[in-house]
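Enquirer: Once you've had a glance at the structure underneath, I'll fire off some questions.
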Amino acid sequence: MRLMIDEGKCKTAGICVKRCPQVFQFTRGSKKAMVITDPIPKEFELLCRDLIIACPEDAIIQIKD
Ligand code: SF4
């Protein structure tokens, strides 16, 4: 599983960063989220699927292989 953030949509809600800091962190200075692991470790895939739905801006995008 691979993910990216649509920076144009991300509005700093921080849900992803709070719930899964192993995968999401804020970009220094901008407060937009970024994905720090590629691919997503298997143990975080389920949580990440939830976060795709939970993101209020639909900013977490799954990259199709
Ligand atoms: S939950 Fe969505 S809007 Fe909030 S920081 Fe993460 S990607 Fe951005």
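The sequence shown: position 6 = 24 (this note's numbering), numbered continuously.
Where is the CB? At the ideal position from N, CA and C, for every residue including glycine.
Per DSSP, what are the beta-bridge partners of Gln-43 in this structure?
Expert: Met-52
Enquirer: In this structure, does DSSP put Ile-71 in helix, strand or coil?
Expert: Helix at Ile-71.
Enquirer: Please determine, among Asp-76, Cys-66, Gly-47, the residue with the shortest C-alpha to C-alpha distance to Lys-36.
Expert: Closest option to Lys-36, Cα to Cα, is Cys-66.
Enquirer: Check whether the Cβ atoms of Ile-78 and Leu-64 lie closer than 7 Å to each other.
Expert: no
Enquirer: Would you grab the beta carbon distance between Gln-43 and Ile-54 for me? Rounded to a whole angstrom, and I think it's under 8 Å.
Expert: 5 Å
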